Structures are given as C-alpha cells and as structure tokens.
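Each remark here refers to the structure printed beneath this line.
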Amino acid sequence: MRAPVHIRAPPQKRPGKAQREAIKRAQAAKKKAGGGKPAAKKTAAKKAVPLPRGSVRAAYPGTCPACFKDYAKGEVITKVTEGWGHPGCAPRQMSAAEREFARNKARIESGEKFRGQKPPDWRRGASPSSTRPAR
C-alpha cells in the first residue's frame, strides 16, 4: 500500500492595498453604525460605586418595613429591624470606639474608680510612685 499524498492548496494572495483600505473603511462604517461589539450595560456603572458596609442591591422590588415605602429592583437596601429596607430607615449602629466611650462615661457617672485615677494617699508635689508619708 502506498502512503496517501497530501496535496497543498495554492497560497492565497494577500489583498492589494486598495482592497485593504476598502475593508478598513467598511469595518469603520460598521463600527460607527453600532454593528460592532455591544456597548457596556448601564448597570455596570451602578456596580462600580462601592456600597456601604452591610448594604446590597435589591434583587427584586419590595417594601421597606420601617417607612412602608416601596423600593425598586437594583436600589441599595440594608438590613432593617424586621427585614430589608432603605439605609436611612435603619437604626444607626455605634462603632466599637463609641460603645467603649458610652460604657466608660456610664462608669464615671456612677462614681466607679479607675485604675488610672490617683490613689487617695497621693500627695501634691510628689511623684505618684512615692506615696510614703512625709518625714
């Protein structure tokens, strides 16, 4: 048996300069008319803006349980007491520093002593470490 002989196709000629320019003009006209790639959706611009912590975009329309007003699909919503609603309707969350400040303020107002406060035998003019009675 003989091995099959592969026949090569003749090389295709590259289009001439005039043809290449005509192809470029046709592609440019197609792009200008909007026949090229589809434009980016407008929703992509919405997603580029970072959302506040704990907030999401609504997957479907709904009603805010705090103010009973409707919100549309894609609108920013956050967790409210009984469900999801407008960020302005949610009770404000205190930061860790604000909570600590409130705790310390309550302790001070109740008259509780702190380790950092002066001991009762501290003398004016002497260092806090030397609390021995004067000679």
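Just so you know, the sequence shown maps onto residues -5 to 129 in my numbering. Glycine residues also receive a C-beta, built at the ideal position from the N, C-alpha and C atoms. Owing to the predicted nature of the structure, the values given are computational and were not obtained by experimental measurement.
Item, Value
"Exposed or buried, what is Ile71 when buried is set at 16 or more other beta-carbons lying within 10 Å of its beta-carbon?", "buried"
"Which residue from Pro55, His80 and Ala96 puts its Cα closest to that of Gly48?", "His80"
"Got a sec, what are the start and stop residues for the beta strand (DSSP E) Lys73 sits in?", "Val70 to Val74"
"If you draw a straight line from the C-alpha of Ala12 to the C-alpha of Tyr54, how long is it?", "55 Å"
"Lys73 to Ala66, Cα distance in whole Å?", "16 Å"
"Quick one: give me the first and last residue of the alpha helix (DSSP H) that Arg51 is part of.", "Careful: Arg51 lies outside any alpha helix (DSSP H), inside the beta strand (DSSP E) at Ser49 to Arg51."
"In whole angstroms, what separates the C-alpha of Ala90 from that of Cys58?", "27 Å"
"Would you mind reading off the limits of the beta strand (DSSP E) that contains Gly79?", "Gly77 to Gly79"
"Among residues of its own chain, excluding the 5 on either side of Pro46, which ones have a beta-carbon nearer than 8 Å to its beta-carbon?", "Val70, Thr72 and Pro81"
"Please tell me whether Arg51 and Gly68 are closer than 8 Å, where the distance is taken between their beta carbons.", "yes"
"Considering only residues of the same chain and omitting the five flanking positions on each side of Val(-1), which have a CB-CB separation below 6 Å?", "none"
"Quick check on Gly68 - is its C-beta less than 8 Å from some C-beta in chain B?", "Annotation note: the requested chain B is absent from the structure, which comprises a single protein chain."
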